[in-house]
Structure formats: C-alpha cells, structure tokens
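Shown next, in structure tokens, is the structure this report addresses.
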Amino acid sequence: MDNAARAHTLVDQLRLDRPPVGLAFVDRAPDAVPPIETAVPAACAFWRVAETTVFYADASRHYDCPVGAMTMGFELPEEHGPATQALLGTMLELEYLGQEELAHLPGVRRPHRGIVYGPLALLPVEPDVVLVIATPNRAMILGEASEAVAMRQAPALPAMGRPACAAVAWATNEGQPTLSLGCIGARTYAEVPDERALVVVPGTALDRVVDRLSSLTRANDTLEQYHRRKKARYEDEAAGGAA
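When we follow our numbering, the leftmost residue of the sequence shown carries the number 280, and every step to the right adds one.
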C-alpha cells in the first residue's frame with residue numbers, strides 16, 4: 280500500500296479534520312525534498328508545517344527547542360548548553376517535571392542527521408512514524424486497529440504526557456503505537472486543540488493498522504446505534520413509569 284492510500288484510509292475511517300503527518304529519520308535529504316527555510320520555535324511546530332508541505336529539517340533546525348532536539352535524537356552543540364539548562368531548570372522549578380524524570384526522557388536511537396516531514400499522502404519515502412491528531416473516540420478506534428488496546432494481562436498502549444514529542448521517540452524506538460495526551464507546548468506550537476489527542480503509529484505497524492480500520496469503524500458505528508437504542512428504551516420505560 281502506498282502512502283497516498285494509507286493517508287486516505289486514515290482520514291476517511293477516522294474522520295480526521297487534519298491530515299496525518301509522516302516522519303522519516305534519514306542521513307540526508309532525499310532528491311526533490313527541499314530543506315526548510317523557515318525557523319520554528321519548537322520541534323513540534325514542524326508537525327503543523329508538515330500538514331501541507333514536504334520538507335527536510337537537519338539537526339540544526341531543531342536546536343531552538345532543546346527538549347525537542349533531544350527527543351528527536353540530536354546531540355546539542357556545547358553552545359546550546361546554557362539555554363538547555365535554563366529551560367530544564369525552569370521546568371523543574373515549576374514542578375512541571377521531576378528531576379528523576381529527566382533520566383528517562385526518550386530520544387530516537389536510530390542514527391540519522393535529519394528528518395523528512397510532510398503530509399503522509401505526499402511523503403516520497405517510507406515513514407518511520409505517522410502522527411494522527413484525533414478525537415479520543417477515533418483515537419480509541421486507532422488503538423483497537425493496532426491491537427494495542429486488546430484485552431491482555433498488561434496494557435500495551437503507552438500513554439505519555441509531556442513532552443508530546445517523547446511519544447514520537449518511544450514509538451520509533453519500541454515499534455509500538457503510542458498515545459500522547461498532548462503537552463502545553465505541542466498544543467501551542469502544533470495547535471493541537473484541547474479536545475484532541477495525538478497517536479503516533481510506527482511505520483512497521485502502519486499497514487496492519489490501516490487494513491483493520493474499516494472493519495473496526497463499522498463495528499463501532501454498529502455498536503453505537505445499539506447502545507443508543509438501548510439507552511432510549513430505558514429512558515422511555517423510566518418516563519412511562521414516572522407517568
């Protein structure tokens with residue numbers, strides 16, 4: 280299945296109002312993929328730009344967001360050390376992060392020098408991860424399609440909060456669909472609405488997820504009608520009894 284077909288299915292079955300975005304971790308810009316010229320304040324701001332444009336961003340384009348650069352697997356130059364320490368210090372002072380959490384901040388482990396971003400439908404390379412901004416209802420269906428929320432001894436859909444970009448690193452490293460509840464940075468820079476969540480699907484699971492979406496969407500729609508009818512029946516019976 281090509282990226283255009285994958286994107287079409289995701290948008291159609293999940294009723295997305297924003298296109299899924301693909302990321303590919305590469306050593307150099309592929310042919311015909313231009314480097315981005317616009318500076319952005321945070322790594323997650325690239326997600327918003329990538330909804331409409333395919334581009335390549337090297338490591339240096341991520342340095343203005345030290346946390347985002349680290350989660351995307353880029354080593355920060357020494358001159359960015361003071362800014363990084365200042366940012367992390369502020370987060371610790373505000374009790375936004377705990378000191379013990381910093382040691383567990385994931386970063387993309389795959390060697391790479393830059394990232395190709397773009398709408399999945401137009402991405403000219405295989406994505407390493409796909410970002411889907413969806414309602415909780417649709418995120419649930421996406422989780423079902425990935426089998427990450429299947430009933431089992433231990434939950435298999437990691438849910439992460441801040442920073443949202445950590446979910447990208449986790450999904451890439453572990454090959455697991457990952458849910459991000461969305462940090463305040465991503466909600467600001469990537470303009471993720473309060474009523475939306477972010478699901479990161481690893482490229483290795485993408486076709487399996489897409490293949491199952493249609494049947495699971497249909498099942499959820501059918502069950503929704505069943506539950507609505509059942510609810511209405513009980514409401515009618517309660518109203519009749521009260522009369």
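For every residue, glycine included, the Cβ atom is placed at its ideal position computed from N, Cα and C.
- In the structure shown, V312 falls within a coil segment according to DSSP collapsed to helix, strand and coil.
- Taking T414 as the centre and dropping the five residues before and after it, the same chain places the C-beta of E474 and R475 closer than 7 Å to its C-beta, in chain order.
- For V411, the uninterrupted beta strand (DSSP E) segment begins and ends at V408 to A413.
- When the five nearest sequence neighbours on each side are left out, the beta carbons in the same chain lying within less than 8 Å of the beta carbon of L295 are those of L289, V411, I412, A413 and R417, in order along the chain.
- The beta strand (DSSP E) runs lying completely inside the stretch 435-495 and spanning 3 residues or more are 457-459 and 476-481, given in chain order.
- Sixteen is the threshold: when 16 or more other Cβ atoms of the shown chains lie within 10 Å of the Cβ of H391, as they do, the residue is buried.
- Taken through DSSP and simplified to helix, strand or coil, V346 comes out as helix.
- As computed with DSSP, D337 is found in a beta bridge with G393.
- For V305, there is no enclosing alpha helix (DSSP H); the enclosing beta strand (DSSP E) has its first and last residue at V300 to V305.
- Distances from the CA of A284 to each of T496, L495, D310 and V489 were compared; the closest alpha carbon is that of V489.
- Around the beta-carbon of D486, fewer than 16 other beta-carbon atoms lie within 10 Å, marking it exposed.
- T451 and V404 have their alpha carbons spaced roughly 16 Å apart.
- In the DSSP assignment, R327 falls within the unbroken alpha helix (DSSP H) covering A324 to V328.
- Counted as a single uninterrupted DSSP element, the alpha helix (DSSP H) harbouring H287 occupies residues N282 to L293.
- Between the alpha carbons of L355 and V333 lies a gap of roughly 25 Å.
- Counting C-beta pairs closer than 8 Å gives fewer than three between the stretch 442-450 and the stretch 498-514, which falls short of the contact rule.
- N499 is the residue among N499, G397 and M351 whose C-alpha sits nearest the C-alpha of M419.
- DSSP links P361 through a beta bridge to no other residue.
- Looking at the DSSP output, P398 bridges to V300.
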